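Chemist: By our numbering, the letter at position 24 of the sequence shown is numbered 96, and the numbering carries on one by one without gaps.
Before anything else, here's the structure in question.
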Amino acid sequence: MLCTVATLKNSPQFLLPLLFALISCQPAAFGGEKKVVIAHRGAPGYLPEHTLESKAMAYAMGADYLEQDVVLTKDNRLIILHDVHLDTVTNVAQLFPKRARKDGRYYAIDFTLAEIKSLQVTERIDLKNNTAVYPGRFPIRSGKFEISTLKEELELIQGLNKSTGRNVGIYVEIKSPAWHRKEGKDISRATLEILYSYGYRDKDDNAYIQCFNAAELKRLRYELKTKLKLVQLIGENDWNEAPTDYEPMKTLKGMGEIAKYADGIGPWIFQIVKGLDKQGNLIVTSMVKDAHANGLKVHPYTFRADSLPAYVSSLEELLRIFYIGIGVDGGFTDFPDRVVKFLREAEYRRTQGKK
Ligand code: G3P
Ligand code: CA
Numbered sequence: 073m074l075c076t077v078a079t080l081k082n083s084p085q086f087l088l089p090l091l092f093a094l095i096s097c098q099p100a101a102f103g104g105e106k107k108v109v110i111a112h113r114g115a116p117g118y119l120p121e122h123t124l125e126s127k128a129m130a131y132a133m134g135a136d137y138l139e140q141d142v143v144l145t146k147d148n149r150l151i152i153l154h155d156v157h158l159d160t161v162t163n164v165a166q167l168f169p170k171r172a173r174k175d176g177r178y179y180a181i182d183f184t185l186a187e188i189k190s191l192q193v194t195e196r197i198d199l200k201n202n203t204a205v206y207p208g209r210f211p212i213r214s215g216k217f218e219i220s221t222l223k224e225e226l227e228l229i230q231g232l233n234k235s236t237g238r239n240v241g242i243y244v245e246i247k248s249p250a251w252h253r254k255e256g257k258d259i260s261r262a263t264l265e266i267l268y269s270y271g272y273r274d275k276d277d278n279a280y281i282q283c284f285n286a287a288e289l290k291r292l293r294y295e296l297k298t299k300l301k302l303v304q305l306i307g308e309n310d311w312n313e314a315p316t317d318y319e320p321m322k323t324l325k326g327m328g329e330i331a332k333y334a335d336g337i338g339p340w341i342f343q344i345v346k347g348l349d350k351q352g353n354l355i356v357t358s359m360v361k362d363a364h365a366n367g368l369k370v371h372p373y374t375f376r377a378d379s380l381p382a383y384v385s386s387l388e389e390l391l392r393i394f395y396i397g398i399g400v401d402g403g404f405t406d407f408p409d410r411v412v413k414f415l416r417e418a419e420y421r422r423t424q425g426k427k
């Protein structure tokens, strides 16, 4: 089901709160449970993704959760890395020129942790043209950053939780479990082992596990019997992220199926707002409403100030649509400071009785 909201295009900023109140299919959800900010790969809007420096910055910016994408090394160590490849964020091709596979890529699973620790992490590079994926961010091939292990990151977060008195959570994505299995490794078991050893064990612990692979999430729940909160990431089938069909998930019935094994969903923002119709109205799908009707949290990805959908002209405008207009429960962002500030100001306005 698609729903439309009041005309936004060319609307004066001061009219936006009123316009959002006109959303017909999904009521604003502010004032209920706290909405959360998930630092997507740290604070990559400012420092290279997944480095401890970026995580510390995101922590200090006030994020509620820090995200960890995890993959395995040759010697079975869990490292924090977005891709199974090393080449888009390190100098692996310069240091180990003969270690690429036939496809020309350098896989973390072919390197020991000691080798990986010798690499220099850089701001993400587009291999097609050797330039920065996000030109406005930290300079590429600059600075001194390294890949960290999951253990190192958990110790950073738990240490900061102790020294600040805060309780920032973890949000671990198990990357490509089916691919890891083909390579002879069980990344889910390895992840659970480390999380349990650091005290993340129960539903009430401040931790989520996310995965694009539905079969693996079911395995985590039913075979490995984890009690930790699980989030079904929802991609598009043509991304080939996992052997999972996402189309049936995008329905009320599909959300009911997810709710049997997971606690929330992580959809792509374009699956929630498809754009503008010919009249300039936002086209909002029923995904958030269907998920909420099944008791699922909704944490979409990714709110980026430097890669905005065409229907908005600022990050704050986008956040207003998702957090206030549509009522998502949280979201992944490359700019945790901006989302924290936005939510604080929105909450202040709410307590003052202002829109
Ligand atoms: O895990 C949520 C979001 O991070 C999914 O996208 O590709 O950045 O891992 P990706
Ligand atoms: Ca992720």
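Even glycine gets a Cβ: it sits at the ideal position worked out from N, Cα and C.
Predicted model, so just to flag it, every value in this text is computed and none were measured.
#1: Please determine if the region 154 to 172 and the region 186 to 201 are in contact, where contact requires at least 3 C-beta pairs separated by less than 8 angstroms.
#2: Helix, strand or coil for PHE183 per DSSP?
#3: Please report the residue range of the beta strand (DSSP E) in which PRO207 lies.
#4: For THR374 and ASP136, I'd like the C-alpha separation in whole angstroms.
#5: By Cβ distance below 8 angstroms, which residues in the same chain neighbour ILE151 in space, the five residues on each side in sequence not counted?
#6: Tell me whether the region 394 to 408 and the region 108 to 117 touch, counting them as touching only if at least three CB pairs, one residue from each stretch, are closer than 8 angstroms.
#7: Note down the Cα distance separating THR316 from GLY425, rounded to an integer number of angstroms.
#8: Please tell me whether, using a cut-off of 7 angstroms, the distance from the CB of ASP198 to the nearest non-hydrogen atom of ligand 2 is below it.
#9: Might you give, ordered along the chain, the residues of its own chain that have their beta carbon closer than 7 angstroms to the beta carbon of LEU302, omitting 5 neighbours on each side?
#10: What residue range does the beta strand (DSSP E) around VAL384 cover?
#11: Can we say the region 382 to 402 touches the region 413 to 427, given the rule of at least three CB pairs closer than 8 angstroms?
#12: In three-state terms, what does DSSP make of ILE110?
#13: State the Cα-Cα distance for the pair ASP274 and GLY241, rounded to the nearest angstrom.
#14: If you measure from each residue's Cβ to the nearest non-hydrogen atom of ligand 1, which ones come out under 7 angstroms, in chain order?
#15: Considering only DSSP beta bridges, list what GLU105 is partnered with.
#16: Can you tell me whether GLN351 is helix, strand or coil according to DSSP?
#17: On the three-state DSSP scale, how would you describe LYS369?
Modeler: Checking against the coordinates, here is how it stands:
#1: yes
#2: coil
#3: That residue, PRO207, is in no beta strand (DSSP E); it is neither H nor E in DSSP.
#4: 15 angstroms
#5: VAL142, VAL143, LEU144, THR145, ALA180, LEU185, ILE188, ILE219, SER220, THR221 and LEU222
#6: yes
#7: 45 angstroms
#8: no
#9: ILE281, LEU289, LEU292, ARG293, TYR333, ALA334 and ASP335
#10: Careful: VAL384 lies outside any beta strand (DSSP E) and carries neither H nor E.
#11: yes
#12: strand
#13: 13 angstroms
#14: HIS112, ARG113, GLU139, ASP141, HIS154, GLU245, GLN282, LEU305, GLY338, TYR373, THR374 and PHE404
#15: In DSSP, GLU105 forms no bridge with anything.
#16: coil
#17: strand
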